[in-house]
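Peer 1: Below you will find the structure I want to go over with you.
Structure, rendered in structure tokens:
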């Protein structure tokens, strides 16, 4: 298995490290000479595409479309970090191109590979929490605002993808939505198949919070998730249970990408998950109220 990595920024370095560990790294392309970069010339990059099975695209978000399009055109399977692209029209086109060329197009929605989130999904399937009434996630920390995208597409898009995935809903109805979109703070509330969904995100918090709450009629699940350490708290009227989890979600995700490439598993392409998340993200943007 030979995989080229496109983009060697902070998150790209994690892709590089993991593909090295998995003995799958073929080359690293970036327009700037950075750590681990082996190619900086775009023409050389296109030549090298012939020699790999797939590419992993970790560029700034506003460059995703052009690199995904070229890789699919060259007949390569593609992993692209979230957000897939920044508008619905581009997402539609890329999925059509992937289907036409019978290629895998997998979007990096990493929450699905977090061990504690996987456990939470099992609990949902077991129906031990009763009827689920609400989902609420808080994702805040201090960081420099990104220039290539905003908080809806950088942070909130995790929740937009995660919430229906927890219930295995390929088709779902988005009901009433209210949102507030500001440069450093975004919040939104909406209904999804009659479940209330809430998401709070910010780049302005000195205290880092990663907390998901799922409320049911019988039990409430509270999930605290960080890069390599996670905790699940399950509470009811009578008891509180706490369980710790460990594991690197990105490594689990990229291992699954390699498996899908090897097995020519195109389920991610057929699901069009990246398109669905972009459509809801656009709803969040459009429903924002000025203050």
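Residue numbers (the working numbering): 191 to 481. Heads up, the beta-carbon is just placed ideally off N, CA and C, and yes, glycines get one too.
In the DSSP output, what is residue 235 paired with across the bridge?
Peer 2: Along the chain shown, read from residue 1 onward, the residue named residue 235 stands at position 45. Partner residues in a beta bridge of residue 235, as assigned by DSSP, do not exist.
Peer 1: Hey, how far is the Cα of residue 207 from the Cα of residue 286?
Peer 2: The residue labelled residue 207 in the question sits at position 17 within the chain shown. The residue labelled residue 286 in the question sits at position 96 within the chain shown. When only Cα atoms are considered, residue 207 and residue 286 end up about 31 Å apart.
Peer 1: From residue 406 to residue 323, what does the alpha carbon distance come to, in whole angstroms?
Peer 2: Taking the first residue of the chain shown as 1, we reach residue 406 at position 216. Taking the first residue of the chain shown as 1, we reach residue 323 at position 133. The alpha-carbon atoms of residue 406 and residue 323 are separated by roughly 5 Å.
Peer 1: Compute the distance between the beta-carbons of residue 371 and residue 474, then report whether it is under 8 Å.
Peer 2: Position 181 of the chain shown holds residue 371. Position 284 of the chain shown holds residue 474. Contact: yes.
Peer 1: Count Cβ pairs between the region 305 to 321 and the region 259 to 277 that sit closer than 8 Å; are there 3 or more?
Peer 2: no
Peer 1: Is the number of C-beta pairs between the region 345 to 354 and the region 403 to 421 that are closer than 8 Å three or more?
Peer 2: no
Peer 1: Are the CB atoms of residue 246 and residue 200 nearer to each other than 8 Å?
Peer 2: To locate residue 246, count along the chain shown from 1; it is residue 56. To locate residue 200, count along the chain shown from 1; it is residue 10. No, the Cβ-Cβ distance between residue 246 and residue 200 is not below 8 Å.
Peer 1: Do three or more CB pairs link the region 432 to 452 to the region 247 to 262 at distances below 8 Å?
Peer 2: no
Peer 1: When the Cα of residue 374 is compared with those of 381, 391, 366 and 384, which residue comes out closest?
Peer 2: Taking the chain shown and counting its residues from 1, one reaches residue 374 at position 184. Closest by alpha carbon: 391.
Peer 1: Along the beta strand (DSSP E) that carries residue 283, what are the first and last residues, could you check?
Peer 2: Numbered from its first residue, the chain shown carries residue 283 at position 93. Unbroken run through residue 283 is the alpha helix (DSSP H), 278 to 290; no beta strand (DSSP E).
Peer 1: I need the boundaries of the beta strand (DSSP E) containing residue 375, first residue and last residue.
Peer 2: Counting from one through the chain shown, the residue named residue 375 turns up at place 185. Looking at the DSSP string, the run of the beta strand (DSSP E) that includes residue 375 is 375 to 382.
Peer 1: Name the two residues that bound the continuous alpha helix (DSSP H) containing residue 316.
Peer 2: Counted from its first residue, the chain shown places residue 316 at position 126. Start and end: 305 to 316.
Peer 1: Sorted by chain position, which residues of the same chain lie with C-beta nearer than 6 Å to residue 399's C-beta, five sequence neighbours on each side aside?
Peer 2: Position 209 of the chain shown, counted from the first residue, corresponds to residue 399. The residues are 328 and 330.
Peer 1: If you check the beta carbons only, do residue 288 and residue 459 fall under 8 Å apart?
Peer 2: Within the chain shown, numbered from 1, the residue matching residue 288 stands at position 98. Within the chain shown, numbered from 1, the residue matching residue 459 stands at position 269. Yes. Within cutoff.
Peer 1: Look at residue 395 and residue 386 and say whether their C-beta atoms are less than 8 Å apart.
Peer 2: Sequence index remark: in the chain shown, residue 395 carries index 205 (1-based). Sequence index remark: in the chain shown, residue 386 carries index 196 (1-based). For residue 395 and residue 386, no; Cβs fall outside 8 Å.
Peer 1: The alpha helix (DSSP H) spanning residue 451 covers which residue range?
Peer 2: In the chain shown, residue 451 corresponds to position 261, counting from 1. Looking at the DSSP string, the run of the alpha helix (DSSP H) that includes residue 451 is 439 to 453.
Peer 1: Do residue 192 and residue 231 have their C-beta atoms within less than 8 Å of each other?
Peer 2: In the chain shown, the residue the question calls residue 192 occupies position 2. In the chain shown, the residue the question calls residue 231 occupies position 41. No, Cβ-Cβ distance for residue 192 and residue 231 is not below 8 Å.
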